[in-house]
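2 protein chains.
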Amino acid sequence: MTSETKKPERLTRIQRENRTRIREAALEAFSRNGFRGTTLDQIATLSSLSKPNLIYYYKSKEDIYLELFVSLLDQWLEPLVALNIEGDPIEEILSYVRVKLALSRDKPRESRLFANEVLRGCPRIAWFIKKDLKNVVEEVEAKFQHWIDEGKIAAINPRHLLYSIWAVTQHYADFESQITLLQPNKHETFAEAEIYVEQLFRGILTPRNA
Amino acid sequence: MTSETKKPERLTRIQRENRTRIREAALEAFSRNGFRGTTLDQIATLSSLSKPNLIYYYKSKEDIYLELFVSLLDQWLEPLVALNIEGDPIEEILSYVRVKLALSRDKPRESRLFANEVLRGCPRIAWFIKKDLKNVVEEVEAKFQHWIDEGKIAAINPRHLLYSIWAVTQHYADFESQITLLQPNKHETFAEAEIYVEQLFRGILTPRNA
DNA sequence: GTCTATACAAAGATAGAC
DNA sequence: GTCTATCTTTGTATAGAC
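Dropping the structure here:
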């Protein structure tokens, strides 16, 4: 715990600003072009810094890339672990769906960054999937199963429920370019999506007895 | 119509075989690494042909890439246009869902190839989305709307229904690496998925009166 | 038709001046 | 801390022998 990593603390204002500008530029580039498709020149141009200066702040291209995942994964896991087993099951789940859809609307680049990595077989974040994400997923699955056992939601496969929530919500970020080409008005798309996804998941979650 | 393109006809057996081997190798590489991430060396190694020989058969890397999309897009559109407006609406739609899910299981590379391209903003296939796909989508939307008007399926947004079918089914191909890291048994995953997606879409399609 | 050798450009990273 | 110049590697594509 004796600060082996020197990154977070004791940075000048300029250092903090520059690192932030680099991350912003890198997110823009990596999310659109993937790791291999992104060049340090692009990041340098977008951040208005020189290429060597980038390497002064981050020791390699991969270093910048990996740092972007830290904040992304935090953001994505937080609402998942927040699922409250004491709350109303359907409202808890729908609330998670809404958060995730809002993330697709407001932070689509983060979603595309993740999709890029997974499409390639998770070469750089497999460690995270196997440990942290797997644990969280199993906890969530247990909560869903608990609600199923109590008859509060329909008897469905809890894991695939989670997959389909991810799939449907992230689709609006990851396939944004396709959607835009088919239907140019982004605001309208998300307004419709909010209504639709609620119907979709309410439809499968609602128990079929009463 | 006077054969300007010399590709299809009049090829020797060796030429046909080599072109096929190149396409197979290119699909493997492009689907995993994207356009920029794929090198001619990789394709050459995978196809057991020399790099210059590749360029003998296809005039450029991009040429190989584009040809892969032709067969992919055919495959994807065919079951969409086959939606029969005379058939039972819910069964017609569920049947399309099953076909699409089977494509994710049996041809995941094609799905990833497409996802890669769309993630990057469709730089090379925007023309196709804006013309062919847009037309097909509008036809499908009209069929869905017709069924809604007749009260045979629930009143939902037809376009987002289509998006969610794509999202959920393609997720099993595009995010296969994530799913495998979370749950190694592929066969089991698809067996569960078949049941789940049917429940999911039946849930939203079934009218809420009777 | 297929290969070896190579031209030419782009990209990641470093050296060293300021 | 930041820049110019440069090293090194890799990648697309071509030339020309066989």
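Protein chains in written order, with the working numbering: chain A, 42 to 251; chain B, 42 to 251.
Glycine residues also receive a C-beta, built at the ideal position from the N, C-alpha and C atoms.
- Listed by position along chain A, the residues whose Cβ is nearer than 8 Å to that of ILE245/B are GLN240, LEU241, GLY244 and ILE245.
- Interface annotation for the region 219-238 of chain B against chain A: GLN219, ILE220, LEU222, LEU223, GLN224, GLU233, ALA234, ILE236, TYR237 and VAL238, criterion Cβ-Cβ distance under 8 Å.
- About 6 Å separates the beta carbons of VAL138/A and PHE242/A, which is inside the 8 Å limit, making them a contact pair.
- When rounded, the separation of the alpha-carbon atoms in LEU87/A and ALA66/A is 5 Å.
- Within the region 144-174 of chain A, the residues whose Cβ lies closer than 8 Å to some Cβ of chain B are ARG153, ALA156, ASN157, VAL159, LEU160, ARG161, GLY162, CYS163, ALA167, ILE170, LYS171 and LEU174, listed in chain order.
- Only residues of its own chain outside the window of five on either side were considered, and among them LEU246 have a CB closer than 6 Å to the CB of ILE131/A, listed in chain order.
- For ASN176/B, no Cβ of chain A is located within less than 8 Å of the residue's own Cβ.
- In this structure, the beta-carbon distance from TYR213/B to ARG146/B falls below 8 Å.
- Considering only beta carbons, the part of the region 73-92 of chain A lying closer than 7 Å to chain B consists of ARG73, ASN74, GLY75, ARG77 and GLY78, in chain order.
- Restricting attention to LYS227/B, ILE220/B and ASP104/B, the CA atom closest to the CA of LYS171/A is found in ILE220/B.
- The C-alpha of ALA232/B is placed about 27 Å away from the C-alpha of PRO248/B.
- Here GLY244/A is buried. Its C-beta has 16 or more other C-beta atoms within 10 Å.
- Around the CB of ASN226/A, fewer than 16 other CB atoms lie within 10 Å, so the residue is classed as exposed.
- For ARG200/A, at least one C-beta of chain B is nearer than 8 Å to its own C-beta.
- Residues of chain A with a Cβ closer than 9 Å to the Cβ of ASP215/B are, in chain order, ALA156, VAL159, LEU160, ALA208 and ASP215.
- With respect to chain A, the C-beta atom of TYR137/B has no partner C-beta closer than 8 Å.
- Between the region 77-84 of chain A and the region 77-86 of chain B there are three or more C-beta pairs closer than 8 Å, enough to call the two in contact.
- Looking at the backbone, the Cα of GLU179/B and that of LEU95/B are separated by about 39 Å.
- Where GLN224/A is concerned, there is no enclosing alpha helix (DSSP H), because DSSP gives it neither an H nor an E.
- Between the beta-carbon of TYR106/A and that of PHE71/A there is about 6 Å, and that keeps the pair under the 8 Å contact cut.
- GLU158/B and TRP207/B have their C-alpha atoms roughly 15 Å apart.
- For GLY75/B, the enclosing alpha helix (DSSP H) begins and ends at 54-78.
- In the structure shown, the three-state DSSP call for TYR97/A is helix.
- The region 176-191 of chain B makes contact with the region 117-128 of chain B, as at least three CB pairs between them are under 8 Å.
- Here THR210/B is not near VAL177/B, since their CB atoms are 8 Å or more apart.
- Taken residue by residue, none of the region 100-116 of chain A has a beta-carbon sitting less than 8 Å from a beta-carbon on chain B.
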